[in-house]
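Participant: Once you've had a glance at the structure underneath, I'll fire off some questions.
There are 2 protein chains.
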Amino acid sequence: MAPVTPPVPDAYAPTERTVPTRSRERAAYDRETVHSILDQEYVCHLGFVRDGRPVVLPTLYARVGERLYVHGSTGSRPLRMAGGEDPGLPVCLTVTHLDGLVLARSAFHHSMNYRSVMVHGIAHQVTDPGEKLAALDALVDQVVPGRSADSRPANAKEAAATAVLRLDLDEVSAKMRTGGPNDEPEDLELPYWTGVIPARRTYGTPVPADDLAPSVPLPSYLRGY
Amino acid sequence: MAPVTPPVPDAYAPTERTVPTRSRERAAYDRETVHSILDQEYVCHLGFVRDGRPVVLPTLYARVGERLYVHGSTGSRPLRMAGGEDPGLPVCLTVTHLDGLVLARSAFHHSMNYRSVMVHGIAHQVTDPGEKLAALDALVDQVVPGRSADSRPANAKEAAATAVLRLDLDEVSAKMRTGGPNDEPEDLELPYWTGVIPARRTYGTPVPADDLAPSVPLPSYLRGY
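Those sequence lines, one after another, are chains A and B. Just so you know, we're using full-length UniProt numbering here: the first sequence kicks off at 1 and counts up by one. Just so you know, we're using full-length UniProt numbering here: the second sequence kicks off at 1 and counts up by one.
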């Protein structure tokens, strides 16, 4: 039987913007790699152009299928710029995991192990109320999975004060480096320590708010922190 | 006696670009705060405009006094765009530390504790050979203090293959959030756990390269990892 919906391709089509000028062997376009990098993080750096000049804002994002969402006050600059008659806001959304410091024998070959995703596209304000509420839940759950079901949902006033931008995953690339240093053959005998220092984000024990009633236990979804 | 050089002001002058549209109480312009945030990190997200569209690249930076440096291949896009007759490249360089996840009783008041710095300016290619070599050392030392003196310096060929951009600290702001959740008074009795999950980057035990001679010890500046 023919599928009801067209099959989703396994990879994003490279474009002139998403093919790096160098280290092309580090680039990837397959959906699985891109989703995996996006799903393990929640902070992105969102770039847009204002009065001809670049602006880069750190902000949260969530992935829902082939869409990313970011949110902000209805008064914030990028949200306003994408709103109104809504021509959309050209953006570049970048997510980066730092995995390790690569110390080579030569200063030149020092490097980083990392995984990053860069998404180019036009962000649009979400106007459908159902999509907006689902996006707000997704933003909470991207940071702490399960949390949206264990907190008070946004009320009408809060939802009205929040703008949500949608960015389709279409023009997307991943870039990554793994492994040890790549020293020059003539440097191998130099007396410098060489290797990788692994790096990752870690979390401390959750600190209850001062006004939390002692009867409220730490929920199971927070016990892994 | 009059100072030989004019005194450095204690703060960066706010501009229209560096005054946030909201949460202004989270913004800071004093040099000490800005330097402190910059000096505790080495990965930035560098934004620039290419063909009218934003691009956000993760890259390393170093601070030397009132200048930031980033580097890349002489063939990479932003480096080429800042070179040639060198009109300079308008950039926004953003550095972000994530310090904690703030879980409020309401989804709306979920937040992040963070410290970030945003630098706007025109980046220029460094052409002075001495400044360039010092910047390359600073880039290595920003990541691992002391490392540049314990590795082989760049030779002429490597230095020629590397372009360095300089960005003056002039139009600069910091933004940060600290503390616990700010729930609405009417939500205080809700039965949801609330508090902060501390977050930070941590490092694992350094992993020697496969070809490191066993006689080379782990240097003292790496023993803290």
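Note that the Cβ used here is the ideal one computed from N, Cα and C, for glycine as well.
(1) Decide if the region 109 to 121 of chain B is in contact with the region 71 to 81 of chain B; the criterion is three or more beta carbon pairs, one per stretch, under 8 Å apart.
(2) Pull up the DSSP beta-bridge partners for LEU46(B), would you.
(3) Which one of TYR225(A), VAL43(A) and SER106(A) has the shortest CA to CA distance from LYS186(A)?
(4) What does a CB cutoff of less than 6 Å around CYS92(B) pick up in its chain, not counting 5 residues either side in sequence?
(5) Could you tell me whether any Cβ in chain A is nearer than 9 Å to the Cβ of VAL165(B)?
(6) Using DSSP bridges, identify the partner residues of SER173(B).
(7) Anyone know if the C-beta pair for ASP39(B) and ARG63(B) falls short of 9 Å?
(8) Would you call the region 160 to 173 of chain B and the region 12 to 28 of chain B in contact, with 3 or more CB pairs under 8 Å?
(9) Can at least three beta-carbon pairs, one atom from the region 146 to 161 of chain B and one from the region 207 to 217 of chain B, be found at a separation below 8 Å?
(10) Is HIS71(A) closer than 9 Å to ALA135(A) when the C-beta atoms are compared?
(11) Report the neighbours of TYR114(A) on chain B: residues whose CB is nearer than 9 Å to its CB, in chain order.
(12) For the putative contact between PRO54(A) and HIS45(A), defined by C-beta atoms under 8 Å, what is the C-beta separation to the nearest angstrom?
(13) What are the residues of the region 197 to 212 of chain B that lie near chain A, defined by any Cβ-Cβ distance shorter than 7 Å?
(14) Could you check whether the Cβ of HIS120(B) sits closer than 9 Å to any Cβ belonging to chain A?
(15) Please classify ASP128(B) as buried or exposed, where buried requires at least 16 neighbouring CB atoms within 10 angstroms.
(16) Going by DSSP, what residue range makes up the beta strand (DSSP E) through GLY72(B)?
(17) Just to confirm my understanding: we take ASN182(A), look at its own chain, exclude 5 residues before and 5 after, and list those with CB closer than 6 Å. What are they?
(18) Just the Cα atoms here: how many angstroms apart are TYR61(A) and PRO191(A)?
(19) Have a look at VAL43(A), TYR12(A) and LEU218(A) and flag the residue whose alpha-carbon is nearest the alpha-carbon of HIS97(B).
(20) Would you verify that the beta carbon of ASP150(B) is, or is not, closer than 9 Å to some beta carbon of chain A?
(21) Please state if the CB of GLU66(B) and the CB of ASP168(B) are separated by a distance shorter than 9 Å.
(22) Ordered along the chain, which non-local residues of its own chain (more than five positions away) have a Cβ less than 6 Å from that of TYR221(B)?
(23) Run down chain A in chain order and give the residues with a C-beta less than 9 Å from the C-beta of ALA107(B).
(24) Does the Cβ-Cβ distance between VAL164(B) and GLN125(B) come in under 9 Å?
(25) By how many angstroms is the C-alpha of SER151(B) removed from the C-alpha of SER215(B)?
(26) So, does the CB of THR162(B) fall closer than 9 Å to a CB anywhere in chain A?
(27) How would you call residue 231(A), buried or exposed, if buried means at least 16 neighbouring beta carbons within 10 angstroms?
(28) Please confirm if SER76(B) has its CB atom under 9 Å from at least one CB of chain A.
(29) In this structure, does DSSP put THR127(B) in helix, strand or coil?
(30) Let me confirm a value: ALA13(A) is counted as buried when at least 16 other C-beta atoms fall within 10 Å, else exposed. Which label applies?
(31) GLY195(B) and GLY180(B): beta carbons closer than 9 Å?
(32) Could you tell me the distance, in whole angstroms, from the CA atom of ALA213(B) to the CA atom of LEU101(A)?
(33) Under a Cβ-count criterion, where at least 16 other Cβ atoms within 10 Å of its own Cβ denotes burial, should THR15(A) be classed as buried or exposed?
(34) Which value, in whole angstroms, describes the spacing of the CA atoms of GLY75(A) and GLY52(A)?
(35) So the candidates are VAL140(B), LEU89(B), LEU188(B) and VAL144(B); which of them puts its Cα closest to the Cα of ILE122(B)?
Facilitator: Answer, in terms of the structure:
(1) For the pair of segments examined, the region 109 to 121 of chain B was found not to touch the region 71 to 81 of chain B: the number of CB pairs separated by less than 8 Å stays below three.
(2) LEU57(B) and LEU93(B)
(3) According to the sequence provided, residue 186(A) is Glu. The question's Lys does not apply to it. When only C-alpha atoms are compared, the closest one is SER106(A).
(4) GLY47 and HIS120
(5) Correcting the residue identity first, residue 165(B) is Leu in this sequence and not Val. It does not: the Cβ of LEU165(B) has no partner Cβ on chain A nearer than 9 Å.
(6) MET118(B)
(7) yes
(8) yes
(9) Contact between the region 146 to 161 of chain B and the region 207 to 217 of chain B is absent: fewer than three C-beta pairs spanning the two stretches fall below 8 Å.
(10) yes
(11) VAL43 and PRO58
(12) Rounded, the Cβ-Cβ distance is 11 Å, inconsistent with contact.
(13) ILE197, PRO198, ALA199, ARG200, ARG201, THR202, TYR203, GLY204, PRO206, VAL207, PRO208, ALA209, ASP210, ASP211 and LEU212
(14) So, interface residue.
(15) exposed
(16) GLY72(B) -> beta strand (DSSP E) spans 67 to 73.
(17) HIS109
(18) Going by the C-alpha atoms only, they are around 45 Å apart.
(19) VAL43(A)
(20) yes
(21) yes
(22) Excluding residues within five positions, the ones whose Cβ falls inside 6 Å are GLY146.
(23) LEU136, ASP137, LEU139, VAL140, ARG147, SER148, SER151, ARG152, PRO153, ALA154 and GLU158
(24) The answer is yes: Cβ separation under 9 Å.
(25) 16 Å
(26) Yes, because at least one Cβ of chain A sits closer than 9 Å to the Cβ of THR162(B).
(27) Outside the shown range of chain A (1 to 225) lies residue 231(A), about which nothing can therefore be said.
(28) True, the Cβ-Cβ gap to chain A drops below 9 Å.
(29) In the three-state DSSP reduction, THR127(B) falls in the coil class, being neither helix nor strand.
(30) By the neighbour-count rule (16 or more Cβ atoms within 10 Å), ALA13(A) is not buried but exposed.
(31) yes
(32) 20 Å
(33) exposed
(34) 20 Å
(35) Ranked by how close their Cα comes to the Cα of ILE122(B), the residues VAL140(B), LEU89(B), LEU188(B) and VAL144(B) have LEU89(B) in first place.
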